[in-house]
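Numbering (our numbering), first residue to last: 885 to 1192.
Even glycine gets a Cβ: it sits at the ideal position worked out from N, Cα and C.
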């Protein structure tokens, strides 16, 4: 391992996760992706020990291969997240393994590890008709993974306030994490979820935190004033826009999940942790983002674009 040590946040979760979805997501029986294996091994050896995966990504073989190459690394220093595939109304899909408990037992064998550090229900769209059990019963199945030590922490993903409230009514253990799409222009994937999570002690993780950088600066892209502020901050701190946006996510109390196929990006990520934005700068970026409609929603559009 290198001298770089990834800082940890609430619940002992490392403050930047390496996402194995999005860029690496596999549809159907695609070929084994050696590039993902190589970059995961490189990332962990560079200190980025937080690996975020999911049943629906189709990359368990690659993650398992990377973990096998990393067998000299103490498992307790790694942080691995898995997610139960609960599908969506627009795309269908669901876990092939029955309940969340049944899935995780199988996934651990596929991944070659005895436990995951965080286990999430990937979406709230579980119905008795489709799955044979309710959302509440799914959560009870997740709690069983915690009871048996198959998962160290448990939570949800893409859940709205009403979905979390359903769980809270019956939970022995409340969701510890909600991983949502989050960036400066999408501070609430669904109405009120940011404040609700903070109020209820639920840690937020952010996927697609760099969505604003994927858009061009036009009427449907990054507002000019936001781009100008980023340019000034980049000059002041000697940082890239990627570093600034990830730093903003961390400073508003959210844990970013990002990804890359480039070794150079790992070095860029290290530069997130050796500076801080002032509170006024954090607030300025927050306020500009809040003024504009969430035009950087990349996922779950059929389900959640009604909130735009």
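- Sequence-distant Cβ neighbours of residue 962 in its own chain, meaning closer than 6 Å and more than five residues away, are 933.
- In the DSSP secondary-structure assignment, residue 1021 is not bridged to any residue.
- Look at residue 1027 here: in three-state DSSP terms it is helix.
- Taking the C-beta atoms as reference points, residue 974 is found no nearer than 8 Å to residue 1010.
- Counting C-beta pairs with one atom in each stretch, the segment 1020 to 1030 and the segment 1060 to 1072 have fewer than three that are closer than 8 Å, which means they do not touch.
- CA-to-CA, the gap between residue 989 and residue 1003 works out to about 12 Å.
- Annotation: residue 1148 to residue 927 spans about 11 Å, alpha carbon to alpha carbon.
- Residue 1005 has its alpha-carbon roughly 7 Å from the corresponding atom of residue 1039.
- Each of 920, 1017, 964, 994 was checked against the Cα of residue 984, and the nearest Cα belongs to 1017.
- Annotated three-state conformation of residue 991 is helix, per DSSP.
- Residue pairing for residue 967: DSSP places it in a beta bridge opposite 1004.
- Looking at the backbone, the Cα of residue 957 and that of residue 943 are separated by about 21 Å.
- A Cβ-Cβ contact shorter than 8 Å links residue 1161 with residue 1135.
- Contact between the segment 1159 to 1176 and the segment 1127 to 1134 is present: 3 or more CB-CB pairs across the two stretches fall below 8 Å.
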